[in-house]
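Under our numbering, the first residue of the sequence shown is numbered 124, with each subsequent residue one higher. Glycine included, each C-beta is placed from N, C-alpha and C at the ideal position. Worksheet: the structure to be examined is printed underneath.
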Amino acid sequence: VNSVQTAVCKEFLKGTSVHVGAAIGFPLGQVSMEVKIFETKVAIADGADEIDYVINIGEAKEGNWDYIRNEMKEMVSLCKKSNVISKVIFEICYLTEEEIVNIAKIAKDVQPDFSGKEYLLERQLKPEARKDIIEKLAAANIVPTSMMDISDGLSSELMHICKQSNAGCRVYEEHIPIDY
Numbered sequence: 124v125n126s127v128q129t130a131v132c133k134e135f136l137k138g139t140s141v142h143v144g145a146a147i148g149f150p151l152g153q154v155s156m157e158v159k160i161f162e163t164k165v166a167i168a169d170g171a172d173e174i175d176y177v178i179n180i181g182e183a184k185e186g187n188w189d190y191i192r193n194e195m196k197e198m199v200s201l202c203k204k205s206n207v208i209s210k211v212i213f214e215i216c217y218l219t220e221e222e223i224v225n226i227a228k229i230a231k232d233v234q235p236d237f238s239g240k241e242y243l244l245e246r247q248l249k250p251e252a253r254k255d256i257i258e259k260l261a262a263a264n265i266v267p268t269s270m271m272d273i274s275d276g277l278s279s280e281l282m283h284i285c286k287q288s289n290a291g292c293r294v295y296e297e298h299i300p301i302d303y
């Protein structure tokens, strides 16, 4: 939830096993580290069980890896001191492959709590083509005319395909399979 709603959600969910996660710096992390720390402290005081913070995309685009590392260390440290789960969000649709790898390496070093989502970090550090899909299509006598790997983000990859095809597309969210 947006951090301002943390207390309301915590009260609403009292007595359930549902955790309240506060999004800090959402969606692009375009606030200072000090603002993120303040927002995190308030969200924790309001009852957040989990902090999902967005790295500063602008600093990543500038290649300021020391800033990204320091911000991540500060946020993870604050959450650990408060016994709160910390998660790092980096909006990969805005980043190059090199930027994604740099951030993933920093995250691997800093060790935020991915809480069952560790595979996401591995996917970014060691992406693998889905060769099994080709075999399944062949077994079903389907010959694809195009395929795409969306490890860089669905919208980013669709934009590339549409640009290369000189065509547009329409995405129906309810038809997108989500695998956590």
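Rounded straight-line distance, which links the Cα of Val131 to that of Thr139: 14 Å
Rounded Cβ spacing between Val199 and Val224 (contact assumed at less than 8 Å): With a Cβ gap of about 19 Å, Val199 and Val224 do not count as contacting.
Host alpha helix (DSSP H) of Ser200 (start-end): Trp188 to Lys204
Cross-strand partners of Ile257 (DSSP beta bridge): None, per the DSSP bridge assignment.
Coil, strand or helix - Asn125 by DSSP: strand
Sequence-distant residues of its chain with Cβ nearer than 7 Å to Thr129 (five each side left out): Val143, Ala145, Ala166, Asp169, Gly170 and Ala171
Exposure of Glu194, with buried meaning 16 or more beta-carbon neighbours within 10 Å: buried
Coil, strand or helix - Ser209 by DSSP: strand
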